[in-house]
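One structure below.
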Amino acid sequence: MVPSPQEEGEAHKINIFSLTGGEGDPVLYLPGMGWTAESAGVLSPILEERYCLHRLDLPGMGRSEPLTRIPGWKDLALWVHGYCRDHGWDQVRIIGHSIGGLIALAFADQFPEQLYQLVLLDAGYQSIPRFPEDVAKPLRYFLPLANMLASLGWVEWVTRRIVASGKPGNTSLHSPDNELIEAEFQEFVESQRLLITNELREAFYIAHKVIQVNEDTIKLLLGIYRTKPVSAFNRLKSPTLLVIPENMTHHPPLTQIDERGLPVLLYEVSGGHYVHYSHPEIGYVIRDFFDHWS
């Protein structure tokens, strides 16, 4: 287990799992809750025609080494910063979906001079709900209590109890059995009204097999649960493309973009939260944004 960035300082090399392809300027992809690097899916071949795409697993959620404590806002930013530092990058472009978008937003907030452009895939413009829908049941209902107990110093006790209780337990995030995974996959695509593609099925299967719900996962979720993304969104300085479902444009940060002079370009699509799977053409929109808006 690696120390958190704040414990060891910026000299520590962070072990982060990545899938890399393409040539050109670097682009990071940070996945959403319960997903891995493979979830970039249909974006990869489009972006890799012009950029070097680094798809990462999040700390404590997949194959990247976890942080040792509940991360604060600065810790989340330093996690990204460490990866950029280890690769010798002065600036980077980042794409983030869901909680990956929140981590990207933390980097944008703490290291704006190092972020060239930002793409948020349905992320960063809403406050964290009391019972986050991205978090699987029944864990989502434990988060408020777990957060309160952890804030009182009972971090290790809370994480151990959640894991040991079997809710959901120290096992794969979902069943590792292929037949059960396929049943869950069919239920997922039907509920989200997504087209079945090889990329989506591969990402779903891999996530179900490699992500473990354990103490490290709980700590990351508690860190995300404590964030205040709307405040950071309103401080954005880097050119940002926000891809959102068309029924979400009523949220106050979005209605105040022009008033606040934020460097944010909205791209509205039909469908739900998985905007890059609902609309594979978003890969071209992102690439054009990178090419022409700075």
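Take my numbering: the final residue in the sequence shown is number 386, and no numbers are missing along the way.
Even for Gly, the Cβ is constructed at its ideal location relative to N, Cα and C.
Same chain only: Cβ atoms within 6 Å of N197, ignoring 5 sequence neighbours per side: Reading off the sequence, residue 197 comes out as Leu, not Asn. Contacts found: G216, P321, A324.
Mark Q206 as exposed unless 16 or more other C-beta atoms lie within 10 angstroms of its C-beta, in which case mark it buried. Q206 should be labelled buried.
Give me the Cα-Cα distance between G114 and M125, rounded to the nearest whole angstrom. In a straight line, the C-alpha of G114 is about 25 Å away from that of M125.
According to DSSP, Q183 sits in a beta bridge with which residue or residues? Answer is none; Q183 lacks a bridge partner.
Where P163 sits in the DSSP three-state scheme: Shown here, P163 sits in coil according to DSSP, grouped into three states, outside any helix or strand.
State buried or exposed for H342, treating a residue as buried only when at least 16 other CB atoms are found within 10 Å of its CB. H342 is exposed by the Cβ-count criterion.
Looking only at DSSP bridge pairs, what is Q284 linked to? Residue pairing by DSSP places Q284 in no beta bridge whatsoever.
Is D214 closer than 8 Å to I336 when the C-beta atoms are compared? A contact, by the Cβ cut-off of 8 Å.
Express the C-alpha separation of V119 and R185 in angstroms, rounding to a whole number. Distance between the alpha carbons of R185 and V119: 5 Å.
Burial state of R147 (16 or more Cβ within 10 Å): Under this definition R147 is a buried residue.
Extent of the continuous alpha helix (DSSP H) to which H384 belongs: Where H384 is concerned, the enclosing alpha helix (DSSP H) stretches over 374 to 384.
L212: which of L333, W181, E274 sits nearest, CA to CA? Minimum Cα distance to L212 is reached at L333.
Taking only three categories from DSSP, how would you classify P355? Coil.
Taking only three categories from DSSP, how would you classify Q218? The answer is coil: DSSP assigns Q218 none of H, G, I, E or B.
For Y359, collect the residues of the same chain with a Cβ closer than 8 Å to its Cβ; drop the 5 residues on either side in sequence, then sort them by chain order. Closer than 8 Å at the Cβ level, and outside the excluded window around Y359, lie L333, L334, V335, I336, I374, V377.
Between the alpha carbons of L122 and F277, how many angstroms are there, rounded? Rounded to the nearest angstrom, the two C-alpha atoms are 21 Å apart.
Given K329 as reference, the closest of P344, W127, P204 once Cα atoms are compared: Taking only the C-alpha atoms, the option nearest K329 is P204.
Helix, strand or coil at T112 according to DSSP, with G and I counted as helix: The answer is strand: DSSP assigns T112 an E or B state.
I need the straight-line Cα distance from L170 to F199, nearest angstrom please. Rounded to whole angstroms, L170 and F199 show a C-alpha spacing of 7 Å.
Between E140, W165, S370, D350, which has its C-alpha nearest I195's C-alpha? Answer by Cα proximity: W165.
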